[in-house]
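J.: The structure that follows is given in the form of structure tokens.
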Amino acid sequence: MTLPIRVLGTGGTISCTHDASGHLVPTLNTADLLAQAGFAGQLGATLVADDVMSIDSSSVTLSQLDELLGHISRAREGSAAVVVLHGTDTMEETLMAVDLRFGADVPVIFTGAQRPADDPSPDGPGNIAGAVELAQKLYDQSGGGAWLHFGGEDLPARGAYKAHTTADAPFRSAVAGGGDDPTPVICGDSVGRSGTLAGLRVPIVATYSGDDGSLVRFATSQPIDGLVIEALGSGNVPQPVAEALGELATRRPEVPVVISTRVVEGGVAAIYGGAGGGASLAALGTGAWATGGSLRPSQLRMALLHRLAVQKES
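Counting from 1 along the sequence shown, just add 70 to a position and that's the residue number in this note's numbering.
Structure follows, in structure tokens:
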């Protein structure tokens, strides 16, 4: 490998240590983290460290995500691969945005940490080493695309979600083992194209037993660009929610709606009739409606945002 791997630091637990009050604060830069992972001798040569942001991933905005996508776009030029150090709270969303934005020619590997850098047994160094190893492997095999390395596991970006708050290997794949990936239906020909995410509004509304539809009605009374429904079971909602969605389809048929599920495995299938059944919901909508397959609501929202961003600028 002659081209360098660029490592972009964005903050997160991996960069944190405890302050005098015992609170976690970001204190280490990317070069520090690479040195902690045993790569001090490669800095500036095979590995190039770049601190691009310092953000709490739970507070990342679409504007900041646009900024990060710009940094990744520039880092891909003249690089064998890009490794991104990112907080775990919203890593699955950023992974999806990167996967949809860029082609598969240059590997982009995300990793982070569950424990801070000054923990007696930090997991960040091992995760960085594994991410660099995966980046080298993909480059040598002429592979690419967006990937996640965490806790010794390698997962493709599309389908990745955080399944455990504290485990060393907290991520799982919603599409592993044949789970349905609806991205081509939701995104159409927008994959691999760029657009500005900032300014778009796509809420996720979860439904529940006894839901009277008021949350959906409130959300759709706002100037939204799309909507993701976290439904029950295989994609079903209470009758009042179905009625509220029917009102939206009549009032604003141009607003895309994606039906997902709160169930972790199995995905959405429009098979049940009745007022709130998935089949009845599918019949409500126009071509703007879609079922979310096996992807989690967080990544479905990002897929819809990506499509809307590309459409806005085309």
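Glycine residues also receive a C-beta, built at the ideal position from the N, C-alpha and C atoms. Fair warning: this is a prediction, and the values are worked out from it, not measured in the lab.
Could you check what DSSP says for R263 in three-state terms: helix, strand or coil?
T.: For the purposes of this step, residue 263 is taken as the residue at position 193 of the sequence shown. Residue state, collapsed to three classes: coil.
J.: Contact defined as beta carbons within less than 8 Å: I believe A107 pairs with L113. What is the distance between those atoms, to the nearest angstrom?
T.: Stepping through the sequence shown from its first residue, residue 107 is reached at position 37. Stepping through the sequence shown from its first residue, residue 113 is reached at position 43. So it is not a contact: roughly 11 Å between Cβ atoms.
J.: What are the boundary residues of the alpha helix (DSSP H) that includes P367?
T.: Position 297 of the sequence shown, counted from the first residue, corresponds to residue 367. Segment 367-383, the alpha helix (DSSP H) holding P367.
J.: For a test of the three-state rule: what should DSSP assign to P322, helix, strand or coil?
T.: Numbered from 1 along the sequence shown, position 252 holds the residue referred to as residue 322. According to the sequence provided, residue 322 is Arg. The question's Pro does not apply to it. Residue state for R322 is assigned as coil, using DSSP reduced to three classes.
J.: Kindly list the residues whose CB is nearer than 8 Å to the CB of A201, restricted to its own chain and excluding five residues on each side of it in sequence; keep chain order.
T.: As a working note, residue 201 is residue 131 in the sequence shown. Closer than 8 Å at the Cβ level, and outside the excluded window around A201, lie V153, I179, F180, T181, H219.
J.: Check whether the Cβ atoms of L389 and A268 sit closer than 9 Å, and answer yes or no.
T.: With the chain running from 71 to 384 in the structure shown, residue 389 is simply not present.
J.: Can you list the alpha helix (DSSP H) stretches of 4 or more residues lying completely in the stretch 214-285, in chain order?
T.: 253-257
J.: Should E300 go down as buried or exposed, given a rule of 16 or more other Cβ atoms within 10 Å for buried?
T.: Here residue 300 refers to the residue found at position 230 when the sequence shown is read from its first residue. Buried: at least 16 other Cβ atoms inside 10 Å.
J.: Between S191, Q134, E147, D189, which has its C-alpha nearest E163's C-alpha?
T.: Mapped onto the sequence shown, residue 163 falls at position 93. Of the candidates S191, Q134, E147, D189, the one whose C-alpha sits nearest the C-alpha of E163 is Q134.
J.: Bridge partners of A391, per DSSP?
T.: With the chain represented from 71 up to 384, any question about residue 391 goes unanswered, as that position is not in the structure.
J.: For T164, does the three-state DSSP call read helix, strand or coil?
T.: One-based indexing of the sequence shown puts residue 164 at position 94. In the structure shown, T164 sits in a helix (DSSP, three-state: H, G or I).
J.: For the pair the stretch 263-279 and the stretch 239-250, tell me if three or more CB-CB distances fall below 8 Å.
T.: no
J.: Give me the DSSP bridge partner(s) of N306.
T.: By one-based count along the sequence shown, residue 306 stands at place 236. For N306, which the question treats as bridged, DSSP gives the partners L302.
J.: I'd like to check one pair, V298 with L370: are the Cβ atoms closer than 9 Å?
T.: Residue mapping note: residue 370 aligns to position 300 of the sequence shown, counting from 1. Residue mapping note: residue 298 aligns to position 228 of the sequence shown, counting from 1. For L370 and V298, yes; Cβs fall inside 9 Å.
J.: Is the beta carbon of G305 closer than 9 Å to that of T331?
T.: As a working mapping, residue 331 is identified with position 261 in the sequence shown. As a working mapping, residue 305 is identified with position 235 in the sequence shown. Yes.
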